[in-house]
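Whatever position you read off the sequence shown (first residue = 1), add 11 for our numbering. Just so you know, even glycine gets a beta-carbon here, dropped at the ideal spot from N, CA and C.
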Amino acid sequence: MYGTGMGTLRVVLHETQSRPVSVWEVTGDQGDQWLQGQVPLTTSSSFQIYIEGVRGSDYRSDAAIDDFEYTSTACTLMPAGATPATPTGTVPTTPAFTGPTPTPGPFDCDFESGLCGWLQLTDDDFNWSRNQGVTGSSNTGPSTDHTTGNGYYIYVEASGQSANRTARVMSPLVMPASRNCLQFWYHMYGDDVGTLNVYIRVGTIVGNPLWTRSGTNGDRWVLAQIPVVGLTMYSVVLEGVRGDGFRGDIAVDDVSMLTGDCPPVVVTPAPSASPTSVTCNFESDGICGYQQIVVTPAPSAPPTSVTCNFESDGICGYQQSQADDFDWTRGSGGTGTTTTGPSTDHTLGTNSGYYMYIETSSPRQPGDKAVLRTPSFPQDNQAHCIEFYYHMFGDHIGDLKVFYVPTQSGSFPAPLWELSGDQGDHWYLGQVTVPGDQAFYVEFEAVRGQSFRGDIAIDDVTVRDGACSDPGSCDFENGPCTYTNDPNDDFDWTENRGTTGSSGTGPTTDHTTGTAQGTYYYLETSSPRQPGDVARFVSQEFAPTSGTSYCLSFWYHMLGNGVGALHVVIREKSGPEIYVWSLFGSQGNQWLQAKVPVSSNDIWQISFDGSRGGNIRGDISIDDIVLDMQPLQGCTLQPSGATPAPPTMSPTQSSMAIDCSFENDTCGWIQATDDDFDWRRQQGTTDTTQTGPSADHTTGSGYYVFIETSTPQVQGDAARIVSPYVSPGTNMCLKFWYHMYGTHVDTLNVYVQTGPALGTAVWTRTGTQGDQWFEGLVQVTNGGQYNLVFEGTRGASYRGDIALDDVTFVPGDCPQVVVTPAPSSTPTTQTCDFENQNLCGYTQDGTDDFDWTWSTGGTGTTSTGPSADHTYGTAAGHYMYTETSSPRVPGDIARLISPTFQSSVNSYCAEFWYHLYGPHIGSLNVYTRRQGNLGTAVWSMSGDQGNQWYVASVTLDSTTEFQLVFEGVRGSSYRGDIAIDDITVSSGACVAPGDCDFENGPCTWTNTQTGDEFDWIEGTGATSSPSTGPPSDHTLGTGQGTYMYIESSTPRVPGDRARWESELFPGSQQSRCMSFWYHMRGTDIGTLTVYVNSGASDQTVWQLSGDKGNQWLNGKVAVSSATSYQVVFEAVRGSGYQGDVAIDDLAFTEGTCASK
12 MYGTGMGTLR VVLHETQSRP VSVWEVTGDQ GDQWLQGQVP LTTSSSFQIY
62 IEGVRGSDYR SDAAIDDFEY TSTACTLMPA GATPATPTGT VPTTPAFTGP
112 TPTPGPFDCD FESGLCGWLQ LTDDDFNWSR NQGVTGSSNT GPSTDHTTGN
162 GYYIYVEASG QSANRTARVM SPLVMPASRN CLQFWYHMYG DDVGTLNVYI
212 RVGTIVGNPL WTRSGTNGDR WVLAQIPVVG LTMYSVVLEG VRGDGFRGDI
262 AVDDVSMLTG DCPPVVVTPA PSASPTSVTC NFESDGICGY QQIVVTPAPS
312 APPTSVTCNF ESDGICGYQQ SQADDFDWTR GSGGTGTTTT GPSTDHTLGT
362 NSGYYMYIET SSPRQPGDKA VLRTPSFPQD NQAHCIEFYY HMFGDHIGDL
412 KVFYVPTQSG SFPAPLWELS GDQGDHWYLG QVTVPGDQAF YVEFEAVRGQ
462 SFRGDIAIDD VTVRDGACSD PGSCDFENGP CTYTNDPNDD FDWTENRGTT
512 GSSGTGPTTD HTTGTAQGTY YYLETSSPRQ PGDVARFVSQ EFAPTSGTSY
562 CLSFWYHMLG NGVGALHVVI REKSGPEIYV WSLFGSQGNQ WLQAKVPVSS
612 NDIWQISFDG SRGGNIRGDI SIDDIVLDMQ PLQGCTLQPS GATPAPPTMS
662 PTQSSMAIDC SFENDTCGWI QATDDDFDWR RQQGTTDTTQ TGPSADHTTG
712 SGYYVFIETS TPQVQGDAAR IVSPYVSPGT NMCLKFWYHM YGTHVDTLNV
762 YVQTGPALGT AVWTRTGTQG DQWFEGLVQV TNGGQYNLVF EGTRGASYRG
812 DIALDDVTFV PGDCPQVVVT PAPSSTPTTQ TCDFENQNLC GYTQDGTDDF
862 DWTWSTGGTG TTSTGPSADH TYGTAAGHYM YTETSSPRVP GDIARLISPT
912 FQSSVNSYCA EFWYHLYGPH IGSLNVYTRR QGNLGTAVWS MSGDQGNQWY
962 VASVTLDSTT EFQLVFEGVR GSSYRGDIAI DDITVSSGAC VAPGDCDFEN
1012 GPCTWTNTQT GDEFDWIEGT GATSSPSTGP PSDHTLGTGQ GTYMYIESST
1062 PRVPGDRARW ESELFPGSQQ SRCMSFWYHM RGTDIGTLTV YVNSGASDQT
1112 VWQLSGDKGN QWLNGKVAVS SATSYQVVFE AVRGSGYQGD VAIDDLAFTE
1162 GTCASK
């Protein structure tokens, strides 16, 4: 226990029938030594021992333990002063709930005569209440209990509480069992419903929720069943978390704990509840005796259904096909690959629940198929609805298909349902109707996409008697069908019956039944809603309409002097949002019919977007949506005044100026209202050292705008600043200067916003770019009205300030970049980013076999070429590439020729970015053409280098005028697209490949974009932490010189890695010697490693750990590879913040050398 901020170390004894008691306790700094502790234990029942560490006043409070021994002999207390001041309950550092200690007792409870053996916990904010009938607030909570229809239940009363306050109730102790089933009924109804969590508590330790639900589930009781495995005694904790407003009552009833697997349940409804049904959740391997169960619904009951949630190892009798390429996998939590697959299942909504998914990592190849087959369903001569939840998240998602297969024939036609590509990190509902005129089974076929980030998952597959509702149609009598609330809007659409909660607004009945028992969906505009808040209700995805139009019909109710707007929006997968129907203000106390033609040549969704008006009397309702997919006949806009218009978006005046230097104000730019914090106008430095600019760009003494990332902002917070409206017009060029400097800098995005949703960024930059201003150029082409939006996001901590200055918006194409240096700066530079169609004067060679292609997004072939350009980093940016599909043949050549460079200087440096991805990549060669002759290539690279952009540089002799020529050679097949972008030619020779003293930037070295936890950053002078890092660089030996280093302060944790990688070097049989200088001072220094990466794996060639003193030391190591390779510096953060590692003066020479 060594440290000036040391806290407390305790030994806690917990006997089975008693409260935990501290029996040994030591507090404060005990010196830099291992000491022996000893404590006598006297017990009368079985017990557990907890070792509890309590954090002290600051971070210098690390406590360690080792070498436990438990004997049956007597001993004395050691040290003698380790007696606790008073016996105390344990307060573990893992999540724990204090309060009453549970005892064995009756677990099952219907709350008719009290709380049975359940106890209110005391470390929460308020208590659960026992209640009969309705709760105290309208439009939330149940109207009856679940047990009898006139009995009792428990609930959390949301009135009088603030958001996120919690109420917890704990069960009696449950005896150990290999497997139990926790079963209860819950009711979560109201516009402001928060969260219901279920925990398993052992002693005082609870960990993460075992089960969780959030948001309204409608005015009905819902059954929950949760498998529980307990190897020691435990209790169950129910936690209700209050939402944003008073309409958030959560109720629970009929709690029971069953021994063994969760069984099929026969539900006997309360009076006036829904009719009898039989449910199977397949928790047991016996699959509920599925083939023997015959379900006879009560008269006019809803169709019966069977659901598989994959919580059991038997996966409900589903079978892997033997005729595919690989198998589906049963998983929980995340899949094995980042940025693809779900992080929780759909059933439980936690990482404890299970789902089925395809693992697309190696050895899987593009096009590999995995097929999962349901059990066979008997012939019953009625249609069935197959409902399932799917998750398709990742850059390289392939296809998911659903097939209906008659059992006898075993053959099937085209899929009845299919979807491709990235759908975002979200579970969606899918539906398909199948016939029952013969026995059948259903197959789920997933096809692997072009790369390993393509995991596809399914969960909660339900086979229900009766046809599905028509796609896109819904009367809401049995739920929202395939409509879901958008998780990225401001609030949700809510299911309702009868009146809404505010007078003078909303309907009194639904439209379908015309009674108070019928169901509709509406917007509740009472507090905490604010004017302009938007709720979006989104359909499933639909295939392109192929040139025809469908007819969308629905009924709407818009009553009240505070009604805002209702829009119908077509959300295209790869295009803008299209407003097709809009209506504003009160339309009277009546249900009215709307019609609108809808069509799209892209995959599309319908979104009902409702916005809150000026006050609480603004409830908007919808009902009876019908999407007629027959060819359009007689579908005209209804009402005729519902002409589509973009939503009101700030700013609303188009006369304000977009051009802004921020010297007097923010001109026409205003802060967005749907983000987390605001941009600030600033002069001079920001309030935090080692981040943000020291002066503006315009004058050096003026103003700019920036995001301040210090407290209270947290990681992921976004700030957006929005331009005035831009009217439709010709091509425009957005020019701006940006400054992104600091170890925690995250992302700057530019959007062209055409509706309420931002859409996809058209330009993006991430991570520190050094302490300097850079110019950004974005070509904007849009046929409609739009806003420009700058978005800055906060990184992991406070050194992440991002700044903007000198924004201009001019007609025409963005120009070729020409940088005229300040005195003593680098020589004049010319850059071509290919954002203009004139290609900066580059031309196609008329003597080659084919031409380079100007492109955006992906190329026309999967598994080759880039998906985004290098300049913008998005699909909106442009680059040049060679399209190697037919009619191209191996060896075909395409050449791109630059304008002529004069012989005004002795040499030029050409730097460019290239992308060589695909199994059949040929070669990229660079020549200098003089008097029409190519000569010998001055740079060349061949073969697949992976799906990323690399930088290269080459020195060009300029004693005579010349042209730069880029030659792409087609490889053995069509997956060989080669791309180039961002060509920069500057006067003066390049530094040798790999050499860098960091005085003019990072040369051709970059931070790794994936595979590490943080970045190397540019440093001058001392780093920000005392007793670590260098006081000056190595090159100049002054506080003005530059080096690269890792900042190991918060939020970094031990083991975090930062990787710094070179350009791609060509393979060679000859070794090169890399010399570098390193500085490793501090008590918490971790490890610095040098790797050679040739594509397959890292090869360690040099490594050093620990404090090496306050000095720059020289390292040398021989590097070589027969294939192309990169050199990587990896620094691993040590045990604390005094662990800054720095490097400087990297230099390569031909030949080998001894490591040091």
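Helix, strand or coil: how does DSSP classify residue i here?
i     : result
C843  : strand
S295  : Only weak support is given to the placement of S295: the predicted model assigns it a pLDDT of 47, under 50, and the value that follows is read from those uncertain coordinates. Here S295 sits in coil by DSSP.
C1001 : coil
G1169 : Not covered by the structure: residue 1169. The range shown for the chain is 12 to 1167.
C120  : strand
I62   : strand
I614  : coil
C920  : strand
G11   : Look at the range of the chain in this structure, 12 to 1167, and you will see that residue 11 is not part of it.
L850  : helix
G328  : helix
K380  : strand
M640  : coil
Is any non-hydrogen atom of the ligand ZN found closer than 7 Å to the C-beta of residue i, if you look at the structure I gave you?
i   : result
G64 : Only the bare structure without any ligand can be found here, which leaves the ligand ZN out of the picture.
If contacts are defined as beta-carbon pairs under 8 Å, then residue i and residue j qualify, I think. What distance do you get, rounded to the angstrom?
i    : j    : result
V185 : L132 : In fact, because the Cβ distance is near 17 Å, the residues do not count as touching under 8 Å.
T867 : A886 : 6 Å
Y210 : E168 : So it is not a contact: roughly 21 Å between Cβ atoms.
L945 : G979 : The pair is not a contact, with the Cβ atoms about 14 Å apart (cut-off 8 Å).
V416 : Y452 : 5 Å
D816 : W748 : 5 Å
Output needed for residue i: all residues of its chain with C-beta closer than 6 Å, excluding positions within five of it in sequence on either side, in chain order.
i    : result
S514 : none
V962 : W924, T1015 and E1074
G512 : S149 and N150
V800 : R731, V733, Y762 and Q764
P314 : In this prediction, P314 has a pLDDT of 39, which is less than 50 and means its spatial position is unreliable; nothing more can be read from the coordinates.
A656 : Unreliable positioning characterises A656 in this predicted model, as indicated by a pLDDT of 45, which lies under 50. The coordinate reading is nonetheless provided below. Cβ within range, chain order: S593.
Keeping to the same chain, check which residues put their C-beta closer than 7 Å to that of residue i; ignore five residues upstream and five downstream.
i     : result
G243  : Reading off the sequence, residue 243 comes out as Thr, not Gly. Hits under 7 Å: P187 and V213.
T1019 : R1070 and E1072
V965  : A921, V937, V949, W950 and C1001
S170  : G147, S148 and F257
D3    : The requested residue 3 does not occur in the structure, where the chain is confined to residues 12 to 1167.
S585  : D613
Closest to residue i by C-alpha separation, out of the options, would be which residue?
i    : options                    : result
S997 : Y919, D856, P1042 and P930 : Y919
A262 : T349, H157, G271 and L193  : H157
W960 : R375, Y890 and I718        : Y890
R475 : A468, V445 and P498        : V445
H357 : R941, N320 and F1009       : N320
V2   : S593, G573, M569 and G571  : Shown here, the chain extends from 12 to 1167; a query on residue 2 therefore has no answer.
S83  : S68, D955 and T54          : T54
V317 : T473, V247 and A527        : T473
Checking contacts by CB at 8 Å: is residue i closer than that to chain D?
i    : result
D501 : As a matter of chain content, chain D is missing from the structure shown, which is built from one protein chain.
Please return the same chain residues whose Cβ sits closer than 8 Å to the Cβ of residue i, not counting the five positions on each side in sequence.
i     : result
D77   : W45
G1162 : Q1081, S1082, R1083 and C1084
Check whether the stretch 1120 to 1134 touches the stretch 1076 to 1084, counting contact only when three or more Cβ pairs, one atom from each stretch, lie closer than 8 Å.
Yes, since at least three Cβ pairs between the stretch 1120 to 1134 and the stretch 1076 to 1084 fall closer than 8 Å, the two stretches touch.
Is the stretch 970 to 983 touching the stretch 1006 to 1025 in the sense that three or more CB pairs, one from each, lie closer than 8 Å?
No contact exists between the stretch 1006 to 1025 and the stretch 970 to 983.
Taking contact to mean at least 3 C-beta pairs separated by less than 8 Å, is the stretch 923 to 939 in contact with the stretch 807 to 815?
No, they do not touch.
Three or more C-beta pairs below 8 Å linking the stretch 1141 to 1153 and the stretch 1038 to 1054:
Output reads yes: the stretch 1038 to 1054 touches the stretch 1141 to 1153.
Contact between the stretch 1019 to 1031 and the stretch 980 to 996: three or more CB pairs below 8 Å?
Fewer than three beta-carbon pairs drawn from the stretch 1019 to 1031 and the stretch 980 to 996 are found closer than 8 Å, and the two stretches are therefore not classed as touching.
Is the stretch 538 to 549 in contact with the stretch 615 to 625, if contact means three or more CB pairs nearer than 8 Å?
Under the three-pair Cβ rule at 8 Å, the stretch 538 to 549 counts as touching the stretch 615 to 625.
Per the contact definition of three or more C-beta pairs closer than 8 Å, is the stretch 486 to 506 in contact with the stretch 591 to 607?
With a cut-off of 8 Å, the stretch 486 to 506 and the stretch 591 to 607 do not count as touching, because too few Cβ pairs lie within range.
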